[in-house]
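Residues 12 to 299, numbered by the numbering used here, are exactly what the sequence shown covers, in order. Below: one structure, written as structure tokens.
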Amino acid sequence: MWLIAAILSAVFAGVTTILAKCGIKKTDSDVATAIRTVVVLLFSWIMVFVVGSVETIISIETKSLIFLLLSGLATGASWICYFKALSTGDINKVVPIDKSSTILTVLLAMICFGETERLAVKLIGTLILTVGIFMMVEKKQTEQKKESRVWMIYAVLSAVFAALTSILAKVGISGVESNLGTAIRTGVVLVMAWLIVFAKRKHKEIKTLDKKELVFISLSGVATGASWLCYYYAIQNGIVSVVVPIDKMSILFTVAFSYFVFREKLSKKSFAGLALMVIGTLLMAIFQ
């Protein structure tokens, strides 16, 4: 079941990126992140009440609560950096860098949780993933004019915080129902996202939001909520170093949708890099 949940997480995450990209053409990325988080929070708490786990909130251990809160902070930082990068860079360049969090997560899982079974396979899979990522973010020769690389900095920071999110969440949801853990984390992200909006005095932009983009932002929030619920169920019940690479295969859906929606084509080298990322992930999933 946790493998199925990891696959569903990837599907919803892929849809999330495309919907979010459609919603931040005119809308500020910080504002969009804050609005999306409201939707994710509502979605998360609805699921908590559906599964009937709200009563268990009083029995959460202090250690688990602290790590859930830390995980929420890391998630908020990752989101903010990711959507900032997405608002200024191409999807096919930003997403592979963000997905490089897989490499750091797998290594941290080995160190923190002792997930060293089939170590050779995991290391080989991670190496293939790394090569694939570098091939995908390569710049085309026809695009070698001066352009801002700020999006790349944000994409790298997004990957680092995403890796920390997975590790902290694994500790935090130990003994906590996964839906409830997701809802608590989302609350932290919500506070963080809106504090940034008000600190930068961007809250006035909410009144002038494009209604069409607001719909896309809201739908991306629903997709994010669904992805999170599946992901943290898989994290809680499965092997982190296997779940994370599968989840990151959302890039397949992202690349496909970006081609049909935004006409962002892959070069032959980028396509080969994507193939290597898939091979590396399948290697770790099949021989787990």
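Heads up, the beta-carbon is just placed ideally off N, CA and C, and yes, glycines get one too. Every value quoted in this text rests on a predicted model; they were computed, and no experiment measured them.
Let me confirm a value: Arg47 is counted as buried when at least 16 other C-beta atoms fall within 10 Å, else exposed. Which label applies? Within the sequence shown, residue 47 is the residue found at index 36, counting from 1. By the 10 Å Cβ count, Arg47 comes out buried.
By how many angstroms is the C-alpha of Thr219 removed from the C-alpha of Gly183? To locate residue 183, count along the sequence shown from 1; it is residue 172. To locate residue 219, count along the sequence shown from 1; it is residue 208. Gly183 and Thr219: Cα-Cα distance of roughly 39 Å.
State the Cα-Cα distance for the pair Gly34 and Leu19, rounded to the nearest angstrom. Along the sequence shown, read from residue 1 onward, the residue named residue 34 stands at position 23. Along the sequence shown, read from residue 1 onward, the residue named residue 19 stands at position 8. When rounded, the distance between both Cα atoms is 23 Å.
According to DSSP, is Leu277 part of a helix, a strand, or is it coil? Your numbering for residue 277 matches position 266 in the sequence shown. Leu277: coil per DSSP, three-state reduction.
Just mark Gly63 as buried or exposed, buried being the case when its beta carbon has 16 or more other beta carbons within 10 Å. Translated into positions along the sequence shown, residue 63 becomes position 52. By the 10 Å Cβ count, Gly63 comes out exposed.
Let me confirm a value: Phe54 is counted as buried when at least 16 other C-beta atoms fall within 10 Å, else exposed. Which label applies? In the sequence shown, the residue the question calls residue 54 occupies position 43. Phe54 comes out buried.
Can you list, in chain order, the residues of its chain with a C-beta nearer than 7 Å to that of Phe94? Leave out the 5 residues immediately preceding and following it. For the purposes of this step, residue 94 is identified with residue 83 of the sequence shown, where counting begins at 1. So the qualifying residues of the chain are Ala31, Ile35, Ser40, Ala43 and Thr44.
Is there contact here, the segment 132-149 with the segment 67-86, by at least three beta-carbon pairs under 8 Å? no
Could you check if Asp109 is buried or exposed, using at least 16 other CB atoms within 10 Å of its CB as the buried criterion? Residue 109 sits at position 98 when you count from the first residue of the sequence shown. The residue in question, Asp109, is buried, as its Cβ has 16 or more Cβ neighbours within 10 Å.
Coil, strand or helix - Arg160 by DSSP: In the sequence shown, counting from the first residue as 1, residue 160 sits at position 149. Reduced to three states, the DSSP call for Arg160 is coil.
Using CA coordinates, which residue listed in Ile250, Gly87, Ile262 and Val266 is at the minimum distance from Trp13? Along the sequence shown, read from residue 1 onward, the residue named residue 13 stands at position 2. Residue Ile250 is the option with its Cα nearest to Trp13.
Give every residue of the same chain whose Cβ lies closer than 7 Å to the Cβ of Ser169, excluding the five residues on either side of it in the sequence, and list them in chain order. Translated into positions along the sequence shown, residue 169 becomes position 158. Contacts found: Ser89, Cys92, Tyr93, Ala96 and Asp109.
Under 9 Å between C-beta atoms of Leu240 and Met58: Looking up residue 240 in the sequence shown gives position 229. Looking up residue 58 in the sequence shown gives position 47. Cβ atoms of Leu240 and Met58: closer than 9 Å.
Contacts around Gly100, its chain only, beta-carbon distance under 6 Å, and the 5 residues preceding and following it disregarded: If you number the sequence shown from 1, residue 100 lands on position 89. Result list for Gly100: Trp162, in chain order.
Simplified DSSP assignment, three categories, for Thr99: By 1-based counting over the sequence shown, the position of residue 99 is 88. Correct three-state label for Thr99: helix.
Cα-Cα, which of Thr116, Ile29 and Val22 is closest to Val226? In the sequence shown, the residue the question calls residue 226 occupies position 215. It is Ile29 whose Cα lies nearest to the Cα of Val226.
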